[in-house]
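Undergrad: My questions all concern the structure below.
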Amino acid sequence: MTVCIQQFHNTQEPAWCPGCGNFKILEAVKQALVELELPPHRVIIATGIGQAPKLPHYLRVNTFNGLHGREVASATAIKLAAPDLTVLVHAGDGGAYGEGGNHFLHALRRNVDLTLVVHDNHYYGLTKGQASPTTPRGTPAAGAPDGVRSSPLNPLALAISQEGSFVAQGSAAHPAHLVELLKQAIRHRGFSLLNALQPCVTYDKVFTYQYYQEHGSILGPEYDPTDRRAAFDLVRENNLGDKIPLGVIYRCERPPYPEAASPLRERGVDPRRAAVLFAEFV
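Structural data, given as structure tokens:
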């Protein structure tokens, strides 16, 4: 089946600020799906509440809009019920790592076969510049005019520490590279985290497109993403520093959750065991 980018277009007008990094991520998703030859009816995107979760409103695929921070939980159920679908999750840094932090941890543990794309701009955009879990300490934000006092969460280090099977970071300032990362994340069998750094053009004047272009460092072929210790050290030492690592940070092979626990409808039923089970309720 031939897949073209026009199949993913719809007529909904985006409600994002002009220049928002979400536009770059949206176009990268379209291009990745085309290059992977995934037709719209074979893809579903689960989202919650916020600016990033608006993405499937402007993309012609199947969509499930759930509660804020519950995107990964919804996507897990979808993947278990329909394992043949390609399941993506789009969430902001607040929804994924704040409200949805518990679901994020358990998805890493289970290794559910889905792709989580986090639009990380260090702010809650929908609540007008509120600090998020990834906002750097000292950064002014709504409710913290003198600067955020808490240390930021390092989602890449957290994912590697829990042996997430695919951990990557891209940037809206490097769109072609982001397309390649999306393709690798979708192809990976297991839970894929793609932290997509992007500027918030309205509330953030530090982490701009220019900043990421100047400080983003695309990992070369000499880098070994299977070295867990080296990957952990890399993201600990260079989190939003002068050389922000972009690429597949860590990758390992683990059986995805649907294989480890196949749906009940696919398992054989032993009549004798079923009779014993039914007897407990009679």
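Each step along the sequence shown adds one to the number in the working numbering, with nothing skipped, and position 18 is 446. All C-beta atoms, glycine included, are put in the ideal place defined by N, C-alpha and C. Keep in mind that this is a model prediction, so the values were computed, not measured.
#1: Taking C-alpha atoms, which residue in 435, 449, 440 and 432 lies nearest to residue 628?
#2: Between residue 614 and residue 514, is the Cβ-Cβ spacing less than 9 Å?
#3: Which same chain residues, not among the five before or five after residue 584, have their C-beta less than 7 Å away from its C-beta?
#4: Counting C-beta neighbours from all protein chains within 10 Å, is the total for residue 433 16 or more, i.e. buried, or is it exposed?
#5: Write down the C-beta distance between residue 617 and residue 541 rounded to the nearest angstrom, noting that I regard them as a contact closer than 8 Å.
#6: Pick out the complete beta strand (DSSP E) segments inside the region 636-681, 3 residues or longer, and give them in chain order.
#7: Distance, Cα to Cα, residue 474 vs residue 494?
#8: Quick one: is residue 430 buried, meaning 16 or more other Cβ sit within 10 Å of its Cβ, or exposed?
#9: For residue 451 and residue 444, which I take to be in contact (beta-carbon distance under 8 Å), what is that distance rounded to the nearest angstrom?
#10: Need the endpoints of the beta strand (DSSP E) that residue 520 sits in, please.
#11: Residue 531 lies in the alpha helix (DSSP H); which residues open and close that run?
#12: Here's the rule I'm using: 16 or more other beta-carbon atoms within 10 Å means buried, otherwise exposed. How should residue 561 be labelled?
#13: Following the continuous alpha helix (DSSP H) through residue 613, name the residue where it begins and the one where it ends.
#14: With which residues is residue 551 paired in a DSSP beta bridge?
#15: First and last residue of the alpha helix (DSSP H) that includes residue 576?
#16: Where does residue 595 fall in DSSP's three states?
#17: Are the beta-carbon atoms belonging to residue 483 and residue 503 less than 9 Å from one another?
TA: The short version:
#1: For this step, residue 628 is matched to residue 200 along the sequence shown. For the residues 435, 449, 440 and 432, the minimum Cα distance to residue 628 belongs to 449.
#2: Here residue 614 is taken as the residue at index 186 of the sequence shown, counted from 1. Here residue 514 is taken as the residue at index 86 of the sequence shown, counted from 1. In contact: residue 614 and residue 514 (Cβ atoms closer than 9 Å).
#3: Within the sequence shown, the letter at position 156 stands for residue 584. If we look at residue 584 and ignore the five residues flanking it on each side, its Cβ neighbours are 595, 597, 623, 663 and 677.
#4: Counting from 1 along the sequence shown, the entry for residue 433 is found at position 5. Looking at its Cβ environment, which holds fewer than 16 other Cβ atoms inside 10 Å, residue 433 is exposed.
#5: Walking along the sequence shown from the start, residue 617 turns up at place 189. Walking along the sequence shown from the start, residue 541 turns up at place 113. Right, their Cβ atoms sit about 6 Å apart.
#6: 644-646 and 672-679
#7: As a first step, residue 474 is located in the sequence shown; it is residue number 46 there, counting from the start. As a first step, residue 494 is located in the sequence shown; it is residue number 66 there, counting from the start. Taking the straight line joining both Cα atoms gives about 7 Å.
#8: As a first step, residue 430 must be located in the sequence shown, where it is residue number 2. Exposed, because fewer than 16 other Cβ atoms sit within 10 Å of the Cβ of residue 430.
#9: Residue 451 sits at position 23 when you count from the first residue of the sequence shown. Residue 444 sits at position 16 when you count from the first residue of the sequence shown. The Cβ separation is near 6 Å, so the contact holds.
#10: For the purposes of this step, residue 520 is identified with residue 92 of the sequence shown, where counting begins at 1. Where residue 520 is concerned, the enclosing beta strand (DSSP E) stretches over 514-520.
#11: In the sequence shown, the residue the question calls residue 531 occupies position 103. Taken as a continuous stretch (DSSP letters only), the alpha helix (DSSP H) holding residue 531 covers 529-538.
#12: The sequence position of residue 561 within the sequence shown is 133, counting from 1. So residue 561 ends up on the buried side.
#13: Counting from 1 along the sequence shown, the entry for residue 613 is found at position 185. Here the alpha helix (DSSP H) through residue 613 covers 603-615.
#14: Translated into the one-based positions of the sequence shown, residue 551 becomes position 123. Looking at the DSSP assignment, residue 551 forms a beta bridge with 559.
#15: Locating residue 576 in the sequence shown gives position 148, where the first residue counts as 1. Residue 576 -> no alpha helix (DSSP H), and no H or E assigned at all.
#16: For the purposes of this step, residue 595 is taken as the residue at position 167 of the sequence shown. In this structure, residue 595 counts as strand in the three-state DSSP scheme.
#17: Taking the first residue of the sequence shown as position 1, residue 483 is located at position 55. Taking the first residue of the sequence shown as position 1, residue 503 is located at position 75. Not closer than 9 Å, so no.
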